[in-house]
Amino acid sequence: MQAPAVLENTVMHMEASPEKNRPDHNTESGLCFVTVLERFVKSATVLEETVLFPSVLMDLSVNALEAKINPNEIYLYKEMDLRTFCRMVKSLRIQLLQGCSFIEEGLEENKQIRNKVEELCLQLKTLTQHAKYLRYASEEIAFSKKPVSFQEYTVQTCERMLLCEDHSTCNLRDTLKMFLNAVEEMEKETLFPCLLKSFRTLDYGCSMNSEQNLNDLFVRLLQVRSVLLAASYCENFDESAFCQIVTKLKNIFNFYAVMVEEIMVMYRRKVHEDY
């Protein structure tokens, strides 16, 4: 599975197949989370380049859109005007690409989704550290050496800052890339995952679960990757909280992309009529 390539090639693939670009209202249509994220970023970029005079949208609300949505489910309110929605989309795009410390001050409409993005980033950063540690531990175990604890490894590699990084600078797109790269490298280096079964995560500071071993953690990281890269989630993956946040953001990004397309059509029509 070429995980990192998904992020880098999605935009080019979309441009090469414009007839397939239109987001589907049904998020179970074979689109994975990473693809939906990239589609939203692309749509938000085109929106910013197209809607040069957002003030003409002030007299229209999200209720005017044909998209069959419940605004509350995607962190909107029915009376939100389309100019405000466009500002929110721009702000969200900046957060996804640069980090929420770059969010326009005073724009509070996307506070809830911003918190969801931050939460996912923090979880992925911790999982990235676990993937890097397992890559190291697998190499040590393969040579009959005892790996140092997760905490010692983190200190020795000077990566503690990644765990302590201010959540206000969360950048979901880059965080996803780091996680997918780390898991891919972990998978390449772990030639004998079964050897990890003899090492409890509790003993090595990776988890407080005394029943879990390093192989369980290895499998979990692969399952998390599947949640991000597969259209349907692994049925045996019991991390319901993680799946819920990914599903929530996937639905939001998908619907926002649908709404953005409709807004651009309305904007072109309205500008043409007025001028």
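So in my numbering, spot 55 of the sequence shown is number 120, and the numbers just go up one at a time.
Note that beta-carbon positions come from the ideal geometry of N, C-alpha and C, so glycine has one too.
- Under a Cβ-count criterion, where at least 16 other Cβ atoms within 10 Å of its own Cβ denotes burial, should E131 be classed as buried or exposed? Classification of E131: exposed, given that the 10 Å Cβ count is below 16.
- Task: Identify, in the order they occur along the chain, each residue of the same chain with its Cβ nearer than 7 angstroms to the Cβ of Q10, setting aside the five sequence neighbours on each side.
- Result: Because the chain is modelled from 66 through 340, residue 10 falls outside the range shown and cannot be assessed.
- So what does DSSP say about N278, is it helix, strand or coil? Strand at N278.
- Query: What residues are listed by DSSP as bridge partners for S297?
  - Reply: Beta-bridge pairing links S297 to no other residue.
- Looking at C-alpha atoms only, which residue of D146, K107 and L192 is the closest neighbour of R158? Relative to R158, the option among D146, K107 and L192 whose CA is nearest is K107.
- Message: Between which residues of its own chain and K181 is the CB-CB distance below 7 angstroms, once the five residues before and five after are set aside?
- Response: Same-chain partners within the cutoff: I310, K313 and L314.
- Among F208, R333, Y201 and K197, nearest to F248 - alpha-carbon criterion: In the sequence as displayed, the identity of residue 248 is Val instead of Phe. Nearest option by C-alpha distance: K197.
- Item | C-beta contact flag for A322 and R104 at 8 angstroms | Yes, they are a contact pair.
- At which residues does the alpha helix (DSSP H) containing L161 begin and terminate? L147 to Q163 is the span of the alpha helix (DSSP H), which, as asked, contains L161.
- Could you spell out where the alpha helix (DSSP H) holding L102 opens and where it closes? Under the DSSP assignment, L102 falls in the alpha helix (DSSP H) whose first and last residues are F98 to T115.
- Query: Whose C-alpha, out of V330, D146, T240 and Q288, is nearest the C-alpha of S305?
  - Reply: Considering only alpha carbons, the answer is Q288.
- Message: One question on the structure: do Q194 and T219 come within less than 8 angstroms of each other, judged by their Cβ atoms?
- Response: In contact: Q194 and T219 (Cβ atoms closer than 8 angstroms).
- Query: How far does the alpha helix (DSSP H) with K211 in it reach, from first residue to last?
  - Reply: Careful: K211 lies outside any alpha helix (DSSP H) and carries neither H nor E.
- Candidates L261, V154 and K190: closest to L199 by CA position: The residue with the shortest Cα to Cα distance from L199 is L261.
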